[in-house]
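Peer 1: Next up is a structure, given as structure tokens.
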Amino acid sequence: MKILAIVENTFKEAVRDRLLIVLLVIGFIAIASAKIIKPLALGEETKIIKDLGLATITITSVLVAILVGGRLVYKEIEKRTIYIMLAKPVHRFQFIIGKYLGLLLVIFFTMTVMTGGFYLMLYITSTPATYSLLLAIVLSFFELSIITAIALFFSTIATPITASLFTFIIYFISNFTRDLKATAQISPSVIVKGLCNFFYYLLPNLSNFNIRNLVVHNEIINSTTIFLSIIYAVVYSALILCLASIIFQKKDF
Amino acid sequence: MEVAVKTENLYKYYYTGFFTRKIKALENLNLEVNAGEIFGFLGPNGAGKTTTLKILVGLCKPNQGRVWIFDQLSTYVKTRERIGFLPEAPYFYDHLTAEEFLSFCAQLHKLKNRKTAIDSILNLVGLEPARKKPLRFFSRGMLQRIGIGQALISDPELIILDEPMGGLDPIGRKEIRDVIIGLKEKGKTIFFSTHILPDVEMLCDRVGILINGKLVTTGALNKILSESVENIELTIKGLPPEAIVRLQRNTQKTFVAEDKVIFSVSNEEEANFLLQKTQELGGKLVSFIPRRKTLEDHFIREVAKESKTQ
């Protein structure tokens with residue numbers, strides 16, 4: 001119940017924030033732009049509309065996770081609202097989990113609204129809506145569950161700008177972890193090999209969650225990979241949250 | 254008598270500049286607050302008052318020492334079920350209305366009958382008409398009142414208030430004073446820090462003065478003040494002028510006004526002697542007033558004493 005209260009409060013705070021509204025409006029404009037791009041697609045209309053829609057949903061949600069998540073805990077500390085919450089019978093780990101789930105709810109809300117807009121665009125442009133499109137969005141949500149945990153972790157130790165920047169860098173590199181592994185294999189330098197291997201095992205492998213290309217090109221999607229990716233997202237996020245809770249537990253306010 | 258708050262050998266240090274400078278915030282703080290009393294925690298800025306209060310509610314951890322709240326170690330989260338806390342110059346979630354904010358606080362206390370608790374708190378702090386108003390539109394006084402409201406939402410036994418009268422106008426201060434008095438009448442323990450000494454004199458049963466992290470005075474307010482009697486004023490009627498001149502030699506100050514004369518003496522013994530003499534000389538006692546030092550005088554003296562020892 002206490003965690004639910006924190007989830008509800010975090011959600012209300014985010015949806016009443018102008019930042020989320022601005023990001024949603026930009027997202028909708030990007031999805032709607034498919035209508036303008038369509039005549040220029042030269043026979044690739046379906047692919048472009050689907051690609052643009054899926055990319056917009058992911059990018060908007062990533063921005064929400066990084067920008068809102070990056071200031072989630074810091075804002076509570078800076079505005080001293082945390083004094084009110086932690087002086088009540090609330091464990092600090094409950095605060096971290098509540099904040100995390102609250103932000104995840106915001107992302108779910110963002111993705112649902114954006115998906116609504118995307119399906120509307122598919123209908124307007126008479127593009128066939130497939131089940132696999134929804135699967136790609138669901139997998140993006142689990143990818144974002146990891147990003148949200150990382151943003152929250154940085155928010156407990158850094159200012160919003162630093163937290164957002166670090167989260168963005170990690171998001172960027174984590175989409176290329178397979179390249180890190182490949183570099184480690186071919187590099188003659190021991191240092192480069194070591195660093196690439198270190199980051200390969202430390203950072204989340206987000207490329208597992210990207211089935212957008214397969215969906216757009218109507219390729220077969222392996223359900224076991226999807227299931228394992230979801231388990232991976234849950235375990236990785238849980239580990240990050242544990243780390244954030246341990247750091248937060250030691251903090252003086 | 255039940256003890257509501259007990260601190261034992263509390264030490265707190267802060268580190269600045271990459272852990273190179275150690276700043277002492279509290280030094281061997283031993284303090285007891287009895288259940289059912291109003292305890293005023295005084296001290297100049299930076300004395301360590303807020304740090305102490307934060308340790309009591311678990312926002313800060315001491316480097317050494319322990320704290321008990323009603324015989325339970327303060328490190329247990331469960332202890333906070335019995336505490337209501339108002340931080341200094343509080344900020345709240347400005348996206349929430351007063352009602353939503355109190356509901357959120359009630360949920361954190363797992364209150365079952367939230368609606369009744371919210372209604373009664375809004376009435377108590379006089380914010381019923383503003384229940385649907387977002388907190389970002391609240392004035393300073395209204396924020397202080399909703400702050401007190403959230404501290405009281407769970408009907409706690411111990412209420413800890415950090416500068417509850419800070420930044421309030423005289424009417425706002427009176428309203429908060431009335432709330433505090435009402436809480437004491439209900440048997441609650443109130444532990445508050447303040448700079449406003451007249452409020453302490455009006456409200457507190459006991460006070461503690463903290464200077465540079467050390468508790469320099471603690472005790473019943475009337476005892477602290479009675480120990481610091483400055484002089485005694487005797488107002489006498491019906492004394493002939495030659496008697497006034499004779500008695501004047503035994504006093505600190507004499508002031509003649511119409512048919513009355515006011516003698517000022519330094520202690521009770523001199524006052525009794527003077528009283529006996531005036532009666533022998535035909536005078537009548539109108540009033541006998543021991544003039545005490547105010548809490549402010551006592552406070553300033555303690556601060557000056559402590560800074561000399563530094």
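Residue numbers (this note's numbering), protein chains in the order written: chain S, 1 to 253; chain V, 254 to 563. All C-beta atoms in this analysis are idealised placements derived from N, C-alpha and C, irrespective of residue type, glycine included.
(1) Give a yes or no on whether the C-beta atoms belonging to K490/V and K537/V are separated by under 7 Å.
(2) If we call anything under 7 Å between Cβ atoms a contact, is S155/S one with G70/S?
(3) To the nearest angstrom, report how far apart S33/S and I276/V are at their CA atoms.
(4) Output, in sequence order along the chain, the residues in the segment 286-318 of chain V whose CB is closer than 8 Å to any CB in chain S.
(5) With 7 Å as the threshold, decide whether the Cβ of E13/S is near any Cβ in chain V.
(6) Does the count of Cβ pairs from the segment 394-401 of chain V and the segment 314-322 of chain V closer than 8 Å reach three?
(7) So, is the C-beta of T81/S closer than 7 Å to a C-beta in chain V?
(8) Counting pairs of Cβ atoms below 8 Å between the segment 401-418 of chain V and the segment 300-307 of chain V, do you hit three or more?
(9) Determine the chain S residues that contact L396/V at a beta-carbon separation under 8 Å, and present them in chain order.
(10) Measuring alpha carbon to alpha carbon, tell me which of M121/S, E8/S, V68/S, A182/S ends up nearest N197/S.
(11) In terms of residues, what are the limits of the alpha helix (DSSP H) holding H484/V?
(12) In angstroms, rounded to a whole number, what distance separates the CA positions of F445/V and E76/S?
(13) Could you say if the segment 277-290 of chain V and the segment 255-266 of chain V meet the contact criterion of at least three C-beta pairs nearer than 8 Å?
(14) What distance in whole Å lies between the Cβ atoms of V482/V and R545/V, which are believed to be in contact at a cut-off of 8 Å?
(15) Pairing CB atoms from the segment 503-512 of chain V with CB atoms from the segment 439-457 of chain V, are three or more of them under 8 Å?
(16) Just the Cα atoms here: how many angstroms apart are G53/S and V22/S?
(17) Going straight from the alpha carbon of R80/S to that of I49/S, what length do you get?
(18) Measure the C-alpha to C-alpha separation of N503/V and E495/V and round it to an integer number of angstroms.
(19) Is it a yes or a no for the segment 59-68 of chain S touching the segment 144-152 of chain S, going by three-plus beta-carbon pairs under 8 Å?
(20) For the segment 339-359 of chain V and the segment 430-439 of chain V, state whether three or more C-beta atom pairs, one from each stretch, are separated by less than 8 Å.
(21) Could you name each continuous alpha helix (DSSP H) segment of 4 residues or more that falls completely within the segment 27-64 of chain S, going from the start of the chain to the end?
(22) Within the segment 132-212 of chain S, note down every full alpha helix (DSSP H) run reaching 4 residues or more, in order along the chain.
(23) In terms of alpha-carbon separation, which member of I57/S, A238/S, Q94/S lies closest to L134/S?
(24) Between the segment 482-497 of chain V and chain S, which residues of the former have CB atoms less than 7 Å from a CB of the latter, in chain order?
(25) Buried or exposed for L492/V, please, with buried defined as at least 16 other CB atoms from any protein chain shown within 10 angstroms of its CB.
(26) Please list, in chain order, all residues of the same chain as G535/V whose beta carbon is under 8 Å from its beta carbon, the five residues on each side excluded.
Peer 2: Let's see:
(1) Position 237 of the second sequence, counted from the start, is the residue given in the question as residue 490/V. Position 284 of the second sequence, counted from the start, is the residue given in the question as residue 537/V. Closer than 7 Å, so yes.
(2) What you label residue 155/S is simply residue 155 of the first sequence in a count that begins at 1. What you label residue 70/S is simply residue 70 of the first sequence in a count that begins at 1. Cβ atoms of S155/S and G70/S: closer than 7 Å.
(3) In the first sequence, counting from the first residue as 1, residue 33/S sits at position 33. In the second sequence, counting from the first residue as 1, residue 276/V sits at position 23. Using only the alpha carbons, I get a separation of about 59 Å.
(4) K307, V310, G311, L312, C313, K314
(5) Indexing the first sequence from 1 puts residue 13/S at position 13. By this cut-off, E13/S is an interface position.
(6) no
(7) Locating residue 81/S in the first sequence gives position 81, counting from the first residue. With 7 Å as the cut-off, T81/S counts as an interface residue toward chain V.
(8) yes
(9) Taking the first residue of the second sequence as position 1, residue 396/V is located at position 143. Simply none; closest approach about 12 Å.
(10) Taking the first sequence and counting its residues from 1, the one referred to as residue 197/S is at position 197. Ranking the options by Cα distance to N197/S, first place goes to A182/S.
(11) On the second sequence, residue 484/V is found 231 positions in, with the first residue counted as 1. Note that residue 484/V is Asn in the sequence shown, not His. That residue, N484/V, is in no alpha helix (DSSP H); its beta strand (DSSP E) goes 482-490.
(12) Against the second sequence, residue 445/V aligns to sequence position 192. Against the first sequence, residue 76/S aligns to sequence position 76. Cα to Cα, F445/V sits roughly 24 Å from E76/S.
(13) yes
(14) Residue mapping note: residue 545/V aligns to position 292 of the second sequence, counting from 1. Residue mapping note: residue 482/V aligns to position 229 of the second sequence, counting from 1. So it is a contact: roughly 5 Å between Cβ atoms.
(15) No: the two stretches stay apart, fewer than three of their Cβ pairs being nearer than 8 Å.
(16) In the first sequence, counting from the first residue as 1, residue 53/S sits at position 53. In the first sequence, counting from the first residue as 1, residue 22/S sits at position 22. G53/S and V22/S: Cα-Cα distance of roughly 18 Å.
(17) On the first sequence, position 80 is the one that residue 80/S refers to. On the first sequence, position 49 is the one that residue 49/S refers to. Going from the Cα of R80/S to the Cα of I49/S covers about 45 Å.
(18) As a working mapping, residue 503/V is identified with position 250 in the second sequence. As a working mapping, residue 495/V is identified with position 242 in the second sequence. In a straight line, the C-alpha of N503/V is about 14 Å away from that of E495/V.
(19) yes
(20) Between the segment 339-359 of chain V and the segment 430-439 of chain V, the count of Cβ pairs shorter than 8 Å is below three; the stretches do not touch.
(21) 34-37, 45-63
(22) 160-174, 177-186, 190-202
(23) Numbered from 1 along the first sequence, position 134 holds the residue referred to as residue 134/S. Nearest C-alpha to L134/S: I57/S.
(24) none
(25) Locating residue 492/V in the second sequence gives position 239, counting from the first residue. By the neighbour-count rule (16 or more Cβ atoms within 10 Å), L492/V is buried.
(26) The residue labelled residue 535/V in the question sits at position 282 within the second sequence. Counting only Cβ-Cβ distances below 8 Å, and skipping sequence neighbours, we find G491, L492, P493, A496.
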